[in-house]
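Per full-length UniProt numbering, numbering through the sequence shown is continuous, rising by one, with the last residue being 168. By construction, the Cβ of each residue, glycine as well, lies at the ideal position given by its N, Cα and C atoms. These figures come from a predicted structure and were not determined experimentally.
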Amino acid sequence: MTSEYAALIEEATKKSGLVWVNGLGMWHAWIDGAMYVLCGGPVEQPAPAGLTDGATASVTVRSKDKGGRLVSWQGRAEVLAPGSQDWSAAVAELRTKRLNSADADTVADRWAEQCTLFRLTPQGDPAEHPGAMPDGSGAAVPPVTPATTRQPMPAGLPRLLARRKARR
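Next up, the structure:
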């Protein structure tokens, strides 16, 4: 990966409060060239489909100012063992990013027991970046439905509206 792409991935991911990992929106932290996400447990975000130790995950990052897709990159997932030096450093950073935690003082212990901490390290050049975005919007095709949002105006409506104005 070129240093230009590495800088783009790092800055975009650091600044974005939300990223999509394998299509699932997740909060995260960026530390020393890798993204960390915490998954599992009864009250934390669920793990995206296909995110396992050693798997490759697709990460899509939005632009902080416009909110649109800015860069998409592939990352190698690695599970960190609770209590390891890397795990402790990541948890210290993630604690500051976890909003509305009821057990802020003991959250690290709960995470160690109930959750899985993944480190996603970027691999290769990003698939999508400024100057290399797909032509389509990326939006899902709407489902087929008999519902309509607009019908032709009834023929008598203009006369009816004109009569109401004349009475005033």
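Bounds of the beta strand (DSSP E) holding Q74 are 69-80.
For P122, the beta-bridge partners assigned by DSSP are G75. Minimum Cα-Cα distance from D135 among the listed residues W27, A166, R119, R69 corresponds to R69. Here E44 carries a coil assignment [DSSP, helix/strand/coil]. CA-to-CA, the gap between R95 and Y36 works out to about 12 Å.
In this structure, A7 lies away from Q74, with their beta-carbon atoms at least 8 Å apart. Non-local C-beta neighbours of T116 in its own chain, meaning closer than 7 Å and more than five positions away in sequence, comprise C39, G40, A47, V79, ordered along the chain.
For A29, the uninterrupted beta strand (DSSP E) run begins and ends at 29-31, by DSSP.
In this structure, DSSP gives A139 a state outside helix and strand, which the three-state scheme calls coil.
Between A77 and L99, the gap from beta carbon to beta carbon reaches 8 Å or more. Counting only residues of its own chain and dropping the five nearest sequence neighbours on each side, I9 has a CB closer than 7 Å to the CB of V71, W73, P122, P126. For S16, no beta strand (DSSP E) run applies, since DSSP gives it neither H nor E. For V107, the enclosing alpha helix (DSSP H) starts and ends at 107-114. DSSP links A132 through a beta bridge to H129.
Per the C-alpha coordinates, the member of M26, A89, R62 positioned closest to M133 is R62. Taking the CA atoms as reference points, A108 sits about 24 Å from A49.
Around the CB of V19, 16 or more other CB atoms lie within 10 Å, so the residue is classed as buried. Here the C-alpha atom of D65 lies approximately 34 Å from the C-alpha atom of Q85.
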